[in-house]
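Structure record follows, encoded as structure tokens.
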RNA sequence: GCUCCGGUAGUAUAGUCCGGUCAAGUAUGGCGGCCUCUCGAGCCGCAGACCCGGGUUCAAAUCCCGGCCGGAGCACCA
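Residue numbers (my numbering): 4 to 518.
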């Protein structure tokens, strides 16, 4: 029975089976708990103490997409209350990164703008008798906290605490001599509730506020208040903060502020590519990389240089991710495949011969060839290649050849292999077109080609701690001259080699994105 | 060590709250075929999983207990 006959029969007996429904079912984000259309406010809370990386990106996308889904607003708020850690350049790294990802924020501020406000709230809490100045050294605090015992400073009166607090502000104590602690519960199972420090003295210049302040709020205090005054309704963040929810809610409750809804998930990690500054720095210190925008790094700049599209990161986050608490480690192939689907329809194709080997074809007359830049996307136009009877082909292809075999130079001619020597292959022009049993290979005219260099990135770590000493390979070869037109940032496909982003047009350096 | 939280194919996930429609869905990767002047893309197909052990129940991936394994937190960082 032919296909058509089968179809006709099926039509008669069970037509519904012919209604071929492809489950498009675009995976959508699950609904946000407690979300009201038009009222959702989320936030991007980077600490400007390092370069933005893919984890920040994915979290940022989640916060942004949810806000948009509910016609809400987004804050970009720098958590810059540790003067010692932060640097000016990092603020811009995040702004640039978010912009690159297509994340638009409605408001922007820095926690460091609100230090006076934090002082006001601190005084309120002191007046309530819910905070005290503690003079214990860090060791003592730690050990008392461990056994759940209060120190003598906790029983100071409100007046005494206010006096000490003013002394802190006036610079009468040095760094490390006094901190302001919240009255929590020293026996709470949640150790973050055991009288956490909320202010400490930092004798270090802040890149934005200079030397204006030396008493700085700690994270929980600053963040909980900021989230409230920014009107943040939903906090989507990684789960290492989960124990702090209770503390932050507690602080807001003391101040009569309302609490947001938390959605937490485990960190986004990629196999062999740690995000931690420590491990990345180890790579640099081992001399294997020079800069933080290295294409092997998970920094936003690194990913961009490698040729990962922002849309791919976004797609990936939305479709391959969930809100699991389980530890997860994504395989890069998951992201690559999303990236490839975006790149494939629009990337121009070029011929490239790695490890080039010369091929002479007897009986072939010189000529010129016009071929498309893309097999199906006509809008990418055509290119021209002049050729003679001498070519360069990939050394890998050359290695696979056998005497007597017929191969095809793509779009050009068939060649019967006559002789193979270490530096050269000879063949003769034979008639015929592409056929199923004839390998098709890419080629470059021997009189007109350009030398290019391709950096091929691999994972940085083989196991958790073992550095991959060969995480970057350099492949050199010849490409067709048309590659001269390729500008920096364009991502092309070198046929049967892979997608590569042009990293330097003048030096003709490319970075391999993926196959 | 203490306190939380997890464990669905190689990987990432859906399903778990409210047991049955889950002899477990999807994506990616693997394999095979079709198509194609790329070993790419596309199309079709195949293989592949509920951590282990008990219990509750007519019925458990889903509930309970124990074990094992993994992660996070235990800062005058965020």
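Every residue gets a Cβ at the ideal spot worked out from N, C-alpha and C, and that includes glycine.
Does residue i come out as helix, strand or coil in the three-state DSSP assignment?
i           : result
residue 61  : helix
residue 297 : coil
residue 204 : strand
residue 485 : helix
residue 33  : coil
residue 432 : strand
residue 390 : strand
residue 381 : helix
residue 350 : coil
residue 1   : This structure cannot settle anything about residue 1, because the visible part of the chain is limited to 4 through 518.
residue 507 : strand
residue 145 : helix
residue 190 : coil
residue 199 : coil
residue 98  : helix
residue 220 : strand
residue 339 : helix
residue 375 : strand
residue 322 : helix
Please report the Cβ distance between residue i and residue j, rounded to the nearest whole angstrom; I am assuming they are in contact, meaning their Cβ atoms lie under 8 Å.
i           : j           : result
residue 80  : residue 229 : 6 Å
residue 60  : residue 105 : No, residue 60 and residue 105 are not in contact; Cβ-Cβ is about 11 Å, not under 8 Å.
residue 452 : residue 395 : 6 Å
residue 186 : residue 125 : Going by Cβ atoms, the distance from residue 186 to residue 125 rounds to 13 Å, so no, they are not a contact pair.
residue 297 : residue 251 : So it is not a contact: roughly 36 Å between Cβ atoms.
residue 207 : residue 49  : Residue 207 to residue 49, Cβ: 20 Å. No contact.
residue 346 : residue 457 : So it is not a contact: roughly 16 Å between Cβ atoms.
Quick check on the burial criterion: 16 or more other C-beta atoms within 10 angstroms. Buried or exposed for residue i?
i           : result
residue 450 : exposed
residue 351 : buried
residue 385 : exposed
residue 496 : buried
residue 151 : exposed
residue 302 : buried
residue 311 : buried
residue 442 : exposed
residue 403 : exposed
residue 313 : buried
residue 418 : buried
residue 506 : buried
residue 416 : buried
residue 328 : exposed
Going by the DSSP bridge assignment, what does residue i pair with across the sheet?
i           : result
residue 185 : 134
residue 46  : 78
residue 496 : 352, 502
residue 361 : 395, 427
residue 534 : Since the first and last residues shown for the chain are 4 and 518, residue 534 lies out of range.
residue 448 : 394
residue 111 : 79
residue 512 : 456, 507
Does at least one heavy atom of the ligand ADP sit under 8 Å from the Cβ of residue i?
i           : result
residue 353 : Although the ligand ADP was asked about, the structure shown includes no ligands whatsoever.
Pairing CB atoms from the stretch 345-361 with CB atoms from the stretch 420-433, are three or more of them under 8 Å?
Between the stretch 345-361 and the stretch 420-433 there are three or more inter-stretch CB-CB distances shorter than 8 Å, so the stretches are counted as touching.
Touch check for the stretch 264-279 and the stretch 324-333: three-plus C-beta pairs under 8 Å?
yes
Touching by the beta-carbon criterion (3+ pairs, under 8 Å), the stretch 176-183 and the stretch 136-146:
yes
Kindly confirm or deny that the stretch 41-48 and the stretch 232-241 touch, where touching means at least three C-beta pairs closer than 8 Å.
Taking a contact to require three or more Cβ pairs closer than 8 Å, the stretch 41-48 and the stretch 232-241 qualify as touching.
Is there contact here, the stretch 471-482 with the stretch 434-442, by at least three beta-carbon pairs under 8 Å?
no
Three or more C-beta pairs closer than 8 Å, one from the stretch 143-157 and one from the stretch 192-204: is that the case here?
With contact defined as three or more Cβ pairs closer than 8 Å, the stretch 143-157 and the stretch 192-204 are in contact.
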